[in-house]
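**Q** Take this structure, written in structure tokens, and hold onto it; I'll ask about it next.
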Amino acid sequence: MAEEKAIPKVTKITTQKRQGRYNVFLDGHYAFPISEDVMIKFRIFKGMEVDAQLQAEILAADDVSKAYNRALNYLSGHLRTEQEIEQKLRENEIPEATIKTTLKKLRALHLVDDLQYAQSYVRTIARTSDKGPIVIRRNLRAKGVLENDIETALTEYPSAAQVENGGDIAQKLSQRYRREPVTKMKQKVRQGLMTKGFSGEIVDQILAKMQFEPDPELEAQKLATEFEKVWRRNRRYPFAQRKLRTKRTLFTKGFSIDAINRLIEQQENSD
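Just so we're on the same page, the working numbering is the position in the sequence shown counted from 1, plus 10.
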């Protein structure tokens with residue numbers, strides 16, 4: 011009958027240079043590293059027997075401990091979504107099974123909560139940026155937040171606050187486009203608000219509260235510049251057709267037909 015092989019025993023435990031990390035020696039030979047919390051969890055001490063199965067359990071627990079500490083470092087000072095943590099751990103080549111166990115531990119300790127993250131994100135963006143709910147929703151989806159959590163979080167940005175914030179943005183946009191005709195200015199302000207993520211309904215409410223007052227002098231300068239370009243572009247056409255094409259182009263740009271006619275009349279007189 012073959013002699014039963016002796017189970018290895020812990021003969022030495024030494025500290026590493028990294029705080030909270032230890033080296034374990036079995037039967038006088040270096041065996042594996044562990045963290046302090048794993049050493050406490052498994053009650054590892056000098057003289058303890060460690061068979062192959064127990065060693066595998068210890069190493070698996072240490073993998074989770076390392077992943078957990080990496081996640082804590084990543085979470086330090088910032089809320090993160092589960093997807094962001096998962097991606098970060100993958101970048102560090104952490105095994106999938108370890109990532110799942112780590113996330114479960116983080117959830118149990120309330121260190122990761124996608125709904126809480128989304129609510130905080132919505133409040134911050136509403137307070138500090140010019141982004142509307144549609145853009146916020148898109149950004150949260152990209153971070154892996156589920157649709158139900160996004161929907162709940164967006165209640166942190168009520169319609170009244172959207173109209174107020176959007177009104178400030180609209181005023182800035184109207185100043186940027188003050189050289190444009192009123193119809194074109196409104197169109198560009200509307201387009202700008204939609205691009206920033208405000209819904210059509212909210213944009214309508216914002217525009218209804220605004221008074222668009224273009225600068226007549228700047229608008230006249232803009233029209234004169236546009237007229238010169240369009241008139242020159244249409245020079246290959248007969249005069250009557252040239253006038254018609256110029257009128258049509260400038261009218262679609264939002265300039266009044268009376269102002270266009272005056273410039274055409276001046277052009278006729280000069281010609």
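A virtual CB, placed ideally from N, CA and C, is assigned to each residue, including glycine.
According to DSSP, is P43 part of a helix, a strand, or is it coil?
**A** Three-state result, P43: strand.
**Q** Between the segment 136–145 and the segment 94–111, can you find at least three pairs of beta-carbon atoms closer than 8 Å?
**A** In short, these stretches do not touch, since the Cβ pair count stays below three.
**Q** Going by DSSP, what residue range makes up the beta strand (DSSP E) through I23?
**A** 20–25 is the span of the beta strand (DSSP E), which, as asked, contains I23.
**Q** Using a Cβ-Cβ cut-off of 6 Å (strictly less than) and excluding sequence neighbours within five positions of M11, which residues of its own chain qualify?
**A** Because the pLDDT of M11 is 45, which lies under 50, any placement of that residue in the model is unreliable, and the number read from its coordinates should be weighed accordingly. Counting only Cβ-Cβ distances below 6 Å, and skipping sequence neighbours, we find nothing.
**Q** Would you kindly report the start and end of the unbroken alpha helix (DSSP H) that includes V132?
**A** 124–138 is the span of the alpha helix (DSSP H), which, as asked, contains V132.
**Q** For the alpha helix (DSSP H) holding F261, just list the boundary residues, first then last.
**A** Per DSSP, F261 belongs to the alpha helix (DSSP H) from 249–262.
**Q** With distances taken Cα to Cα, identify the nearest neighbour of E92 among N175, L125, E229, R53.
**A** The shortest Cα separation from E92 among N175, L125, E229, R53 belongs to L125.
**Q** Measure the alpha-carbon distance for I44 versus Q65 and round it to whole angstroms.
**A** For I44 and Q65, the distance between alpha carbons rounds to 11 Å.
**Q** In angstroms, rounded to a whole number, what distance separates the CA positions of D47 and S75?
**A** Going from the Cα of D47 to the Cα of S75 covers about 8 Å.
**Q** If you reduce the DSSP assignment to three classes, tell me which class V145 lands in.
**A** It is helical.
**Q** Can you tell me which of T259, Q231, R148 puts its alpha carbon nearest to the alpha carbon of R243?
**A** The shortest Cα separation from R243 among T259, Q231, R148 belongs to T259.
**Q** Kindly list the residues whose CB is nearer than 7 Å to the CB of D37, restricted to its own chain and excluding five residues on each side of it in sequence; keep chain order.
**A** The answer, listed in chain order, is P18, K19, T21.
**Q** What whole-angstrom Cβ distance do I212 and Q172 have, given they're in contact under 8 Å?
**A** About 5 Å separates the two Cβ atoms, so the contact holds.
**Q** Taking the alpha carbon of K51 as the point to measure from, which residue in N33, D72, A41 has its own alpha carbon closest?
**A** The option with the nearest alpha carbon to K51 is D72.
**Q** Could you give the distance in angstroms between the alpha-carbon of L183 and the alpha-carbon of Q276?
**A** Cα to Cα, the separation comes out at about 33 Å.
**Q** Which of the three DSSP states is assigned to A12 in this structure?
**A** Any answer about A12 is weak, because its pLDDT of 49 lies below 50 and its placement is not dependable; what the coordinates show is given next. Coil at A12, not helix or strand.
**Q** Span of the beta strand (DSSP E) holding N33?
**A** Note, N33: beta strand (DSSP E), 31–36.
**Q** For a test of the three-state rule: what should DSSP assign to E103, helix, strand or coil?
**A** Here E103 sits in coil by DSSP.
**Q** Using the beta-carbon count (16 or more within 10 Å), is F55 buried or exposed?
**A** Burial call: exposed.
**Q** Quick one: grab the DSSP three-state call for A269.
**A** In the structure shown, A269 sits in a helix (DSSP, three-state: H, G or I).
**Q** How would you call A163, buried or exposed, if buried means at least 16 neighbouring beta carbons within 10 angstroms?
**A** Flag for A163 reads buried.
**Q** How many angstroms separate the CA atom of K196 from the CA atom of V240?
**A** Approximately 23 Å between the Cα atoms of the pair.
**Q** How is the alpha helix (DSSP H) around E211 delimited, first residue to last?
**A** From DSSP, the alpha helix (DSSP H) with E211 extends over 210–218.
**Q** Please name the residue in E229, E227, P226, V199 whose C-alpha comes closest to that of Q215.
**A** It is V199.
**Q** Who are E59's beta bridge partners in DSSP?
**A** Answer is K19.
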